[in-house]
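Worksheet for the structure shown next.
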Amino acid sequence: MDYGYISGNLRVKIALSDSGAALAAVYDGETTLFNGGGELFRVTLLDLATREKSALSSLSGWDGTSANEGGVSLWRNDLRVRISLAPAVKDGFELTVSFENNMSDFSVYSFEYPRLWFAADEDMNIFFPARSGLIIKGLDTKSEMRRGGDYPSSLAIMQYMALCLDSGRGFYYGMHDKSGGQKRLNFHKAEGAGDACIYAEYICRDACSPRNSQTLNGPLVWRLFDGGWYDATMIYRDFALKEARWIPEVDENGRVAAPKWLKRVQHWWLFSVGEDENANLDQLLKAETDLNLDESSALHVYNWHRVPFDNDYPHYIPEKPFFAAMVARLHDEGFRVMPYINGRLWDTRDRGAEDYLFTDIALAGATKNEKGEVFTETYLSKESDGSTVRLAVMCPSTEVWGAKVTEVLSEIFYRLNTDAVYVDQ
């Protein structure tokens, strides 16, 4: 049985069976954008005993389904899902996804925002928010096409995608999550398929805990519009400026909380501290004079700490013994000084080849996968025994990491008297 939902020119049909639900059709007025039986969502369950994951599709495997003018529901065992569709915007819907998990032996690990299916025609272009923006052109039925990126990262810098037709019409697919929660954006067309879809996967809160009932962050907005990628971007911009919690207070001069010197600085030097106070300094002063600027440059400073780069983090203190005096001299020369630190990594062997404080203090605040294994990263740095440095990725919400970063920042700002700190990654 099909259930229809209408908001202006946008019409959506959802097909229900006794055991599942599918996106049946999408229309822009009289124009058909999709007509088929596309998977509406996929949920990933985590077995808390074995730590194995399994996927459950909206298409089958459910004990029952229902629909009314406000949305659709599916249920099985101790899991119940509700997708609400509200015609809250012109030619569009706000879709809210929630689930009730009463299972003691499974968690809902991830849940997809509803998939938008569409015909893979040659006149269909896909906007994907990778880096400065990507337009995927020339869809065909022969090849598999796939694109994915984790938000927030350079592979997905914003929480929206869009369909852009050569006719000048478009379809906006955006998560209006004002807290900016992590999610993975995806575009996929299977080999030989005439249809494709865009969707986003949300890693659930308490993903490794039983009974983690919740509503996915922010509504998903489906909306028709006139224009191309720029017009879709303006829809997302309007949401971000009005609602996003990460947008700072701004006025005609930019960010209100930013110091005046930061707004006035005309030029930045990337400066590496040498093995003594004068190393590289004469070269810097001469180059600064040659620039003949109205305002002195600022310095982005590396290698000011005693520990090697990408090694023994986060033990930046004590610094090189002459660095405080160097900061004072640079200030006398008119420079602003901004040292580098890494804001997310703790070396698992944080004193040479020795586990100094990682296991005793940092381990509790390190990020871990569903099996309890610590996420680590490696770069080109080596330990004192020649082995590769393995750096644990710390969780920014934990007390141990917050306290450590605060401790380091306090030393750099108040004792070393710098003007800023660059907290990397």
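Going by my numbering, the sequence shown opens with residue 467, and the numbers climb by one from there. Every residue gets a Cβ at the ideal spot worked out from N, C-alpha and C, and that includes glycine.
Terminal residues of the alpha helix (DSSP H) in which residue i lies
i      : result
VAL555 : Unbroken run through VAL555 is the beta strand (DSSP E), 545–555; no alpha helix (DSSP H).
ARG703 : 695–709
TRP712 : Run containing TRP712: none; DSSP gives neither H nor E here.
LEU811 : Not the alpha helix (DSSP H): LEU811 falls in the beta strand (DSSP E), residues 811–813.
LEU728 : 726–730
VAL874 : 865–876
Outcome for residue i when other beta-carbon atoms lying within 10 angstroms are tallied against a minimum of 16
i      : result
PRO685 : buried
GLY495 : exposed
PRO805 : buried
ALA706 : buried
TRP867 : buried
THR497 : exposed
ALA753 : exposed
GLU703 : It is worth fixing the name first, because residue 703 is Arg in this sequence and not Glu. ARG703 is exposed by the Cβ-count criterion.
SER524 : buried
SER633 : exposed
SER520 : exposed
TRP688 : buried
GLN891 : exposed
GLY486 : buried
ASP571 : exposed
ARG581 : buried
GLN625 : buried
According to DSSP, residues forming a beta bridge with residue i
i      : result
ASP748 : Looking at the DSSP assignment, ASP748 forms no beta bridge with any residue, so it has no partner.
HIS771 : GLU785
ARG654 : With the sequence shown as reference, residue 654 is identified as His, and Arg is not the correct amino acid for it. Note: HIS654 sits in a beta bridge opposite ARG612, CYS663.
THR854 : LYS848
PHE637 : LEU629, LEU690
GLY720 : ASP717
ILE827 : Partner(s): none; ILE827 has no beta bridge.
HIS766 : LEU736, MET804
MET860 : ALA832
ARG817 : GLU820
ALA622 : SER619
THR607 : For THR607, which the question treats as bridged, DSSP gives no partner whatsoever.
Residue i, enclosing beta strand (DSSP E) - first and last residue
i      : result
ILE426 : Nothing about residue 426 can be reported from this structure: the residues present for the chain run from 467 to 891 only.
MET627 : 626–631
SER738 : 734–738
ARG677 : Element bounds for ARG677: n/a, residue is neither H nor E.
PRO805 : 802–808
TYR888 : 888–890
Exercise for the section: Say whether the stretch 497–510 touches the stretch 718–732, bearing in mind that this needs 3 or more beta-carbon pairs closer than 8 Å, one atom from each stretch. Expected result: Contact between the stretch 497–510 and the stretch 718–732 is absent: fewer than 3 CB-CB pairs across the two stretches fall below 8 Å.
Exercise for the section: Give a yes or no on contact between the stretch 723–739 and the stretch 767–784, applying the rule of three or more CB pairs nearer than 8 Å. Expected result: Enough Cβ pairs lie closer than 8 Å, so yes.
Handout entry: Within the stretch 469–553, ranges of the beta strand (DSSP E) (whole runs, at least 3 residues)
Key = Uninterrupted beta strand (DSSP E) stretches at least 3 residues long and entirely within the stretch 469–553 occur at 476–482, 487–494, 497–505, 508–513, 519–523, 530–534, 537–542, given in chain order.
Handout entry: Whole beta strand (DSSP E) elements within the stretch 558–598, 3-residue minimum
Key = Given a length threshold of 3 residues, each whole run of the beta strand (DSSP E) inside the stretch 558–598 is given here in chain order: 558–567, 572–585, 590–594.
Problem - Cβ contact (3+ pairs, closer than 8 Å) linking the stretch 850–858 and the stretch 808–820 - result: Because the criterion of three Cβ pairs below 8 Å is met, the stretch 850–858 and the stretch 808–820 touch.
Exercise for the section: Please determine if the stretch 552–571 and the stretch 665–682 are in contact, where contact requires at least 3 C-beta pairs separated by less than 8 Å. Expected result: The stretch 552–571 is in contact with the stretch 665–682.
Practice task
Decide if the stretch 796–810 is in contact with the stretch 818–828; the criterion is three or more beta carbon pairs, one per stretch, under 8 Å apart.
Solution key: The stretch 796–810 is not in contact with the stretch 818–828.
Practice task
Evaluate the contact criterion for the stretch 876–888 versus the stretch 826–844: three or more CB pairs, one atom per stretch, below 8 Å.
Solution key: Under the Cβ criterion (8 Å, minimum of three pairs), the stretch 876–888 does not count as touching the stretch 826–844.
Handout entry: the stretch 651–663 contacting the stretch 693–700, beta-carbon criterion three pairs below 8 Å
Key = Three or more beta-carbon pairs separated by less than 8 Å are not found between the stretch 651–663 and the stretch 693–700, which leaves the two stretches without contact.
Practice task
Answer yes if the stretch 742–761 comes into contact with the stretch 770–780, meaning at least three C-beta pairs across the two stretches below 8 Å, and no otherwise.
Solution key: Contact fails between the stretch 770–780 and the stretch 742–761, because fewer than three Cβ pairs, one in each stretch, are under 8 Å apart.
Exercise for the section: Count the CB pairs spanning the stretch 510–517 and the stretch 470–478 that are closer than 8 Å, and state whether there are at least three. Expected result: Taking 8 Å as the limit for Cβ pairs, the verdict is that the stretch 470–478 does not touch the stretch 510–517.
Handout entry: Contact the stretch 548–563 vs the stretch 584–601: 3+ CB pairs below 8 Å
Key = The stretch 548–563 is not in contact with the stretch 584–601.
Practice task
Examine the Cβ distances between the stretch 573–580 and the stretch 610–622 and report whether three or more of them are shorter than 8 Å.
Solution key: Taking 8 Å as the limit for Cβ pairs, the verdict is that the stretch 610–622 does not touch the stretch 573–580.
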